[in-house]
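What follows is a single structure, written as structure tokens, with notes after it.
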Amino acid sequence: MSDTYSTNPRTLGRGICIITGASKGFGRALACEVTHLLDPGSVLLLVARSGTLLQELKEELQSFTDQQQLTVHCVAADLSTREGVNETVRMAKHEAVNDIDHVLLINNAGSLGAISRFESLSDLERVDSYLSFNISSALVLTAGILKTFPCRPGLRWSVVNISSAFALQALPSWALYCTAKAARKMMFSVLAEEEPNVKVLNYSPGPLDTDMQEEIQRLTGISHHLFPCQESAAKLMKLLLDNDFSSGAHHDFFEV
Ligand code: NDP
């Protein structure tokens, strides 16, 4: 499938790439990696709440790319809100260039939530708010972007769900995080079944040296061996470049 979509199979084509949670951590590393793989005329949309961090990243990316080749836009948006999701879809529509041959949406933004025993998760609003950002927002954003760029011959469509080993494995005190990652995996697997023209990849990035892991260590006292975000981001890019995963599959950093 991949060869028909790009003149150079070692690039991701002339695309629009949308990365949520791009201001730091894994999303930031993904932005740095993907920048080298997009053909001239591509657009990169960086989404997160922190406009300042996004702007800094944009400047860094532009310092090592030709601005004629890649247009980078920052969308300072809170994806836990309807306005934030709508603004991201609106920007994607607005910034899309003609003749793109690849739409790449990377649903990376996520949060850890409370790490606490089941019986303490008794506040409906707090639970809803967590699940809304970590599940519903990714669903609604993906739906909005799918509607904005209808499938057509010659258009490669890729959706990445940044998943976790905890989409598959139950861990005591991690009800929120495990539930959200498991639900997202199913949600994107349904998309894969429904849309044969959309390649869907669930990617579990491995334990990464990010603020989220710092938070895990602070809350649990457990420290893992952590990998640099760049290493995992490069593995994800290789999966996308090779494009021979089956749609809806769940791939793990340790198995790639
Ligand atoms: P970080 O907490 O370091 O970064 C999270 C990113 O999401 C930031 O860019 C943050 O930006 C953004 N974000 C958070 N809340 C919102 C919001 N309401 N609206 C928009 N953006 C938001 O996390 P990681 O980089 O560690 O994790 C990235 C993904 O990888 C997550 O889905 C995580 O579950 C997954 N993962 C991480 C692992 C790890 O070891 N770190 C292991 C397995 C999976 P801002 O604050 O500016 O909004």
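First residue of the sequence shown? That's 1373 in my numbering, and the numbers climb one at a time after it.
Every residue gets a Cβ at the ideal spot worked out from N, C-alpha and C, and that includes glycine.
Keep in mind the model is a prediction, meaning the values are calculated, not measured.
Residues in the same chain with beta-carbon distance under 7 Å from residue i, minus the five sequence neighbours each way, listed in chain order, please.
| i | result |
| --- | --- |
| PHE1617 | LEU1573, LEU1611, HIS1623 |
Have a look at residue i and residue j and give me their C-alpha separation to the nearest angstrom.
| i | j | result |
| --- | --- | --- |
| ALA1564 | GLY1620 | 5 Å |
| SER1536 | ALA1606 | 17 Å |
| LEU1409 | THR1514 | 22 Å |
| ILE1390 | LEU1417 | 5 Å |
| GLY1393 | GLY1413 | 23 Å |
| PHE1625 | ALA1401 | 15 Å |
| GLY1387 | GLU1431 | 20 Å |
| LEU1613 | ALA1481 | 22 Å |
| LEU1548 | ASP1438 | 42 Å |
| GLU1497 | GLN1441 | 45 Å |
| ALA1468 | THR1551 | 34 Å |
Any idea if residue i is buried or exposed, counting beta-carbon neighbours within 10 angstroms, 16 or more meaning buried?
| i | result |
| --- | --- |
| LEU1477 | buried |
| ARG1528 | buried |
| LYS1571 | buried |
| LYS1519 | exposed |
| HIS1474 | buried |
| ALA1403 | buried |
| VAL1419 | buried |
| PHE1560 | buried |
| LEU1429 | buried |
| ARG1556 | buried |
| PRO1577 | buried |
Does the Cβ of residue i lie closer than 7 Å to at least one heavy atom of the ligand COA?
| i | result |
| --- | --- |
| MET1558 | As presented, the structure is devoid of the ligand COA, carrying the ligand NDP as its sole ligands. |
Keeping to the same chain, check which residues put their C-beta closer than 6 Å to that of residue i; ignore five residues upstream and five downstream.
| i | result |
| --- | --- |
| HIS1596 | PRO1579 |
| SER1395 | ALA1420, SER1422, LEU1425, LEU1426 |
Looking only at its own chain, which residues have a Cβ that is under 8 Å from the Cβ of residue i, when we skip the five neighbours before and after it?
| i | result |
| --- | --- |
| GLU1455 | ALA1449 |
| LEU1433 | ALA1403, CYS1404, THR1407, LEU1416, LEU1442, VAL1444 |
| VAL1457 | ALA1449, LEU1451, SER1509, VAL1512, LEU1513, GLY1516 |
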